[in-house]
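Residue numbers (this note's numbering): 6 to 613. Note that CB positions come from ideal geometry on N, CA and C, so glycine has one too. Small disclaimer: the values here were computed from a predicted structure and weren't measured.
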Amino acid sequence: MSTSDRPATLCEAFQRTAVIDPDAIALRTVGGTQTLTWRDYATQVRHVAAGLAGLGVKRGDTVSLMMTNRIEFYPLDVGAQHLGATSFSVYNTLAPEQLKYVFDNAGTTVVMCEAQFVDRIRASGVPIEHIICVDGAPSGTMPMQELLAGGADDFDFESAWRAVQSDDIVTLIYTSGTTGNPKGVEMTHANLLFETFGVQGVLGIEFGDRITSFLPSAHIADRWGCLYNQQVCGVQVTVVPDPKAIAAALPDVRPTIWGAVPRVWEKLKAAIEFVAANEPDETKRQGLQWGLAVAGKKAAALLAGEPVPDDVAAEWAQADELVLSKLRAKLGLDQIRWAVSGAAPIPKETLGFFAGLGIPISEIWGMSELSCIATVSHPRDARLGAVGKLLPGMEGRIADDGEFLVRGPLVMKGYRKEPQKTAEAIDADGWLHTGDIMEQDADGYLRVIDRKKELIINSAGKNMSPANIENTIKAACPLIGVMAVIGDARPYNTALIVLDAESAQPYAAQRGLPDASPQTLAADPGLIADIAAGVAKGNAALSRVEQIKRFRVLPTFWEPGGDEITLTMKLKRRPISEKYAAEIEELYADEPGPQVHEPKRAPSKEKV
Numbered sequence: 006m007s008t009s010d011r012p013a014t015l016c017e018a019f020q021r022t023a024v025i026d027p028d029a030i031a032l033r034t035v036g037g038t039q040t041l042t043w044r045d046y047a048t049q050v051r052h053v054a055a056g057l058a059g060l061g062v063k064r065g066d067t068v069s070l071m072m073t074n075r076i077e078f079y080p081l082d083v084g085a086q087h088l089g090a091t092s093f094s095v096y097n098t099l100a101p102e103q104l105k106y107v108f109d110n111a112g113t114t115v116v117m118c119e120a121q122f123v124d125r126i127r128a129s130g131v132p133i134e135h136i137i138c139v140d141g142a143p144s145g146t147m148p149m150q151e152l153l154a155g156g157a158d159d160f161d162f163e164s165a166w167r168a169v170q171s172d173d174i175v176t177l178i179y180t181s182g183t184t185g186n187p188k189g190v191e192m193t194h195a196n197l198l199f200e201t202f203g204v205q206g207v208l209g210i211e212f213g214d215r216i217t218s219f220l221p222s223a224h225i226a227d228r229w230g231c232l233y234n235q236q237v238c239g240v241q242v243t244v245v246p247d248p249k250a251i252a253a254a255l256p257d258v259r260p261t262i263w264g265a266v267p268r269v270w271e272k273l274k275a276a277i278e279f280v281a282a283n284e285p286d287e288t289k290r291q292g293l294q295w296g297l298a299v300a301g302k303k304a305a306a307l308l309a310g311e312p313v314p315d316d317v318a319a320e321w322a323q324a325d326e327l328v329l330s331k332l333r334a335k336l337g338l339d340q341i342r343w344a345v346s347g348a349a350p351i352p353k354e355t356l357g358f359f360a361g362l363g364i365p366i367s368e369i370w371g372m373s374e375l376s377c378i379a380t381v382s383h384p385r386d387a388r389l390g391a392v393g394k395l396l397p398g399m400e401g402r403i404a405d406d407g408e409f410l411v412r413g414p415l416v417m418k419g420y421r422k423e424p425q426k427t428a429e430a431i432d433a434d435g436w437l438h439t440g441d442i443m444e445q446d447a448d449g450y451l452r453v454i455d456r457k458k459e460l461i462i463n464s465a466g467k468n469m470s471p472a473n474i475e476n477t478i479k480a481a482c483p484l485i486g487v488m489a490v491i492g493d494a495r496p497y498n499t500a501l502i503v504l505d506a507e508s509a510q511p512y513a514a515q516r517g518l519p520d521a522s523p524q525t526l527a528a529d530p531g532l533i534a535d536i537a538a539g540v541a542k543g544n545a546a547l548s549r550v551e552q553i554k555r556f557r558v559l560p561t562f563w564e565p566g567g568d569e570i571t572l573t574m575k576l577k578r579r580p581i582s583e584k585y586a587a588e589i590e591e592l593y594a595d596e597p598g599p600q601v602h603e604p605k606r607a608p609s610k611e612k613v
């Protein structure tokens, strides 16, 4: 499609897409127990727009959505768009006082939600004019069916959506920042259309492509990847209300395009390795282990940036026919054309593992302020450890201090009601200061070093990337769920380590522990020994100054959206330092207590 033929708004894009194949399924639940065709989807959008107009919603008003991943979300959001309203999602985990800030900042007049969230919305104290409930009718709320039936007969739907302009603010993304109140990123129709066509041009997105919605719709990754991608390209979305159920959902969906945060990929990797090691049938176990070993040879070549040797390629083809193709089918990733990983750094060893299995993943980079994805390369062109190239039509440069600056159509309109913070982020020449330190090679591929504010400078003045250290250790030790490296202004690096909650039960059962509580696991000598060996293995891939000298396994799990990590698994480093100040000080004590451990000795590999 030429640039001149492209739609000017997401509303126009939806109207075009909905008539391509009206009887095709646009939305579904796992198992197909609930579906919505494009024809019915478009009808509901029309009714939602009419119903909201009857409530007084008009162009420029703000409508909020608070619900789990479900089919009803889509026509409600798209219907609000067709009035020119700004429709956005709030995280379901927000407390009443957090909801108050977001609703006030956004200027919310209408909330569309599930019944389970009504009391919390009211507890925010914000005078919401209308609360529309999708799955019930608590006192004082409007059922969704009443909204759909309540539009005026003479509502001029065509005129309403055609009046929407490309520079209208279509949504707000409240960044789940690691400190302070979240900032409301304002995105326009033009921002998100440029994003969608840009990614489509690089990766290829087709009508009928299958994808899952399992991340919160308040996060730009799910909102763009599913909602806006669907409106523009016509992807079929399967909603998965519980993100922990995503692995079980994949064989049902068999996505053709897919994306996940690094921790999801890491969990899939750990699950595959666990099954291969514990398959009760000896013949199957040997077959799986042989297949993974061959995949590992291919991965090793790719990680080294070298061509796959002919003998390895021949052996891999045999392993693919006998083992790996069946493994991909069992995972539900046998029909995937491309996949991406983003929102946080991913160990390149994890990318290599899946490349060895024949599952193509590209690491991407972006941020809410850039409409989601700003850098990407197709898996056939990707380089492990790099986040691809800047999307065509965007400009980028690296400042003297290493910070990556970006300019172009992806850059947000600004932060909601925050002109000073907007000016701090976007300079007078239009450059967005991303806060990320990057390197770029001669071919334009970018590599993320770390967040500018998170670099460790030790007591000797050595600069280090905690994310690089964490990824290196985690790649060597699958038992680790999350870890936080400590070392700023310190003589050496230490780490707080937290186990993966979902791996706790199988580990405890395998070791015969009385329970799978984090307290029991953190006190288990066998587990500590395994982690010590893993940390030592990771240390061997780091320079001496980067290595972890001491660590502590905390008797707790860190949940997304909690005190320590955001919903997309980014570490809240400052709150962690404050909450675990006593534990951190013990890591640096001359005579640390019994809960502080050191990695087993392993030969180090000095970096130049």
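Next on the checklist: With a threshold of 7 Å on Cβ separation, who are the neighbours of Glu-284 within its own chain once the five nearest residues in sequence on each side are excluded?
Outcome noted: Counting from one through the sequence shown, the residue named residue 284 turns up at place 279. Once the five neighbours on either side are set aside, the close Cβ partners of Glu-284 are Arg-290, Leu-293.
Checklist entry - Which value, in whole angstroms, describes the spacing of the CA atoms of Leu-197 and Ala-528? => result Here the question's residue 197 lines up with position 192 in the sequence shown. Here the question's residue 528 lines up with position 523 in the sequence shown. Between Leu-197 and Ala-528, the C-alpha separation is close to 49 Å.
Next on the checklist: Quick check: Ile-369 and Gly-347, are their CB atoms within less than 8 Å of each other?
Outcome noted: Against the sequence shown, residue 369 aligns to sequence position 364. Against the sequence shown, residue 347 aligns to sequence position 342. Cβ distance < 8 Å, so Ile-369 and Gly-347 count as in contact.
Item to check | Counted within 10 angstroms of its Cβ, other Cβ atoms place Arg-557 as buried (16 or more) or exposed | outcome: Translated into positions along the sequence shown, residue 557 becomes position 552. Label assigned to Arg-557: buried.
Next on the checklist: Which runs of the alpha helix (DSSP H) at least 4 residues long sit entirely within the stretch 499–555? Give them in chain order.
Outcome noted: 506–516, 523–527, 530–544
Next on the checklist: Please report the straight-line C-alpha distance between Gly-371 and Met-488, rounded to a whole angstrom.
Outcome noted: Walking along the sequence shown from the start, residue 371 turns up at place 366. Walking along the sequence shown from the start, residue 488 turns up at place 483. Cα to Cα, Gly-371 sits roughly 23 Å from Met-488.
Checklist entry - Does any C-beta atom of chain D lie closer than 8 Å to the C-beta of Glu-17? => result As a matter of chain content, chain D is missing from the structure shown, which is built from one protein chain.
Checklist entry - Expressed to the nearest angstrom, what Euclidean distance is found between the alpha-carbon atoms of Val-258 and Thr-217? => result Translated into positions along the sequence shown, residue 258 becomes position 253. Translated into positions along the sequence shown, residue 217 becomes position 212. Their Cα atoms are separated by approximately 8 Å.
Item to check | Status (buried if at least 16 other CB within 10 Å, exposed otherwise) for Ile-25 | outcome: The residue you call residue 25 lines up with position 20 of the sequence shown. Its Cβ having fewer than 16 others within 10 Å, Ile-25 is exposed.
Next on the checklist: Quick check on the burial criterion: 16 or more other C-beta atoms within 10 angstroms. Buried or exposed for Arg-388?
Outcome noted: Reading the sequence shown from its first residue, position 383 is the one you call residue 388. It is buried - the Cβ of Arg-388 has at least 16 other Cβ atoms within 10 Å.
Item to check | Cβ neighbours of Pro-523 in the same chain (closer than 6 Å, five flanking residues each side left out) | outcome: As a working note, residue 523 is residue 518 in the sequence shown. Same-chain partners within the cutoff: Pro-560, Thr-561, Phe-562.
Checklist entry - Since Thr-304 and Pro-483 are thought to touch, with beta carbons under 8 Å apart, how far apart are those beta carbons, to the nearest angstrom? => result By 1-based counting over the sequence shown, the position of residue 304 is 299. By 1-based counting over the sequence shown, the position of residue 483 is 478. Going by the sequence as given, residue 304 is Ala instead of Thr. Ala-304 to Pro-483, Cβ: 15 Å. No contact.
Item to check | For Asp-455: DSSP bridge partner residues | outcome: Within the sequence shown, residue 455 is the residue found at index 450, counting from 1. According to DSSP, which records beta bridges pairwise, Asp-455 is partnered with Ile-442.
Next on the checklist: Could you check whether Leu-273 and Pro-248 sit closer than 8 Å to each other, using their CB atoms as the reference points?
Outcome noted: Within the sequence shown, numbered from 1, the residue matching residue 248 stands at position 243. Within the sequence shown, numbered from 1, the residue matching residue 273 stands at position 268. Cβ distance not < 8 Å, so Pro-248 and Leu-273 don't count as in contact.
Checklist entry - Curious, which full-length alpha helix (DSSP H) runs of at least 4 residues does the stretch 329–412 contain? => result 330–336, 353–362
Checklist entry - Straight-line CA distance for Arg-21 to Gly-466? => result Taking the first residue of the sequence shown as position 1, residue 21 is located at position 16. Taking the first residue of the sequence shown as position 1, residue 466 is located at position 461. Approximately 58 Å, taken between the alpha carbons.
Checklist entry - Where do the ends of the beta strand (DSSP E) carrying Gly-189 lie? => result Start at 1 with the first residue of the sequence shown, and residue 189 comes out as number 184. 189–193 is the span of the beta strand (DSSP E), which, as asked, contains Gly-189.
Next on the checklist: Once the 5 residues before and after Val-540 are set aside, which same chain residues still bring their CB inside 7 Å of it?
Outcome noted: Looking up residue 540 in the sequence shown gives position 535. Around Val-540: Ile-478, Cys-482, Ile-553, Phe-556, Pro-604.
Item to check | Where Ala-253 falls, given that 16 or more other Cβ within 10 Å makes a residue buried | outcome: Translated into positions along the sequence shown, residue 253 becomes position 248. Burial call: exposed.
Checklist entry - Nearest to Glu-271 by alpha carbon, out of Met-574, Ile-589, Arg-578? => result By 1-based counting over the sequence shown, the position of residue 271 is 266. The option with the nearest alpha carbon to Glu-271 is Met-574.
Checklist entry - Can you tell me whether DSSP reads Glu-17 as helix, strand or coil? => result Along the sequence shown, one-based indexing puts residue 17 at 12. It is helical.
Checklist entry - Since Tyr-79 is in the alpha helix (DSSP H), which residue starts that stretch and which ends it? => result Locating residue 79 in the sequence shown gives position 74, counting from the first residue. Element bounds for Tyr-79: 78–86.
Item to check | Cβ contact (3+ pairs, closer than 8 Å) linking the stretch 123–131 and the stretch 103–111 | outcome: yes
Checklist entry - Going by the beta-carbon positions, is the gap between Leu-437 and Glu-374 smaller than 8 Å? => result Position 432 of the sequence shown, counted from the start, is the residue given in the question as residue 437. Position 369 of the sequence shown, counted from the start, is the residue given in the question as residue 374. The answer is yes: Cβ separation under 8 Å.
Item to check | Chain-order list of residues whose beta-carbon lies under 6 Å from that of Val-550 (same chain, five-residue window excluded) | outcome: The residue you call residue 550 lines up with position 545 of the sequence shown. If we look at Val-550 and ignore the five residues flanking it on each side, its Cβ neighbours are Lys-467.
Checklist entry - Is the stretch 397–404 touching the stretch 338–345 in the sense that three or more CB pairs, one from each, lie closer than 8 Å? => result no
Checklist entry - Helix, strand or coil for Gly-486 per DSSP? => result As a first step, residue 486 must be located in the sequence shown, where it is residue number 481. In the structure shown, Gly-486 sits in a strand (DSSP, three-state: E or B).
Item to check | Assigned exposure category for Gly-65 - 16 Cβ within 10 Å defines buried | outcome: The count along the sequence shown starts at 1 and reaches residue 65 at position 60. By the 10 Å Cβ count, Gly-65 comes out exposed.
Checklist entry - Per DSSP, what kind of secondary structure is Gln-241 in: helix, strand or coil? => result If you number the sequence shown from 1, residue 241 lands on position 236. Strand, per DSSP.
Checklist entry - DSSP state of Trp-270, grouped into three classes? => result Position 265 of the sequence shown holds residue 270. The answer is helix: DSSP assigns Trp-270 an H, G or I state.
Checklist entry - If you drop the 5 nearest sequence neighbours on each side, which residues of the same chain put their C-beta closer than 7 Å to that of Lys-426? => result Indexing the sequence shown from 1 puts residue 426 at position 421. Excluding residues within five positions, the ones whose Cβ falls inside 7 Å are Lys-188, Tyr-420.
Checklist entry - Apart from the five residues just before and just after Gly-449, which ones in its own chain have a Cβ nearer than 8 Å to its Cβ? => result As a position in the sequence shown, residue 449 is number 444, starting the count at 1. Excluding sequence neighbours, Gly-449 sits near Lys-394, Leu-395.
Item to check | Candidates Ala-433, Ala-594, Val-35: closest to Pro-246 by CA position | outcome: As a position in the sequence shown, residue 246 is number 241, starting the count at 1. That would be Val-35, whose Cα lies nearest to the Cα of Pro-246.
Checklist entry - Would you report the Cα separation of Ala-306 and Arg-385, rounded to the nearest angstrom? => result For the purposes of this step, residue 306 is identified with residue 301 of the sequence shown, where counting begins at 1. For the purposes of this step, residue 385 is identified with residue 380 of the sequence shown, where counting begins at 1. C-alpha separation (whole angstroms): 15 Å.
Checklist entry - Would you report the Cα separation of Ala-324 and Pro-314, rounded to the nearest angstrom? => result Counting from one through the sequence shown, the residue named residue 324 turns up at place 319. Counting from one through the sequence shown, the residue named residue 314 turns up at place 309. Computed Cα separation, rounded: 15 Å.
Item to check | Pick from Thr-439, Thr-499, Cys-238 that is closest to Asn-463, judged by C-alpha positions | outcome: Sequence index remark: in the sequence shown, residue 463 carries index 458 (1-based). Of the candidates Thr-439, Thr-499, Cys-238, the one whose C-alpha sits nearest the C-alpha of Asn-463 is Thr-499.
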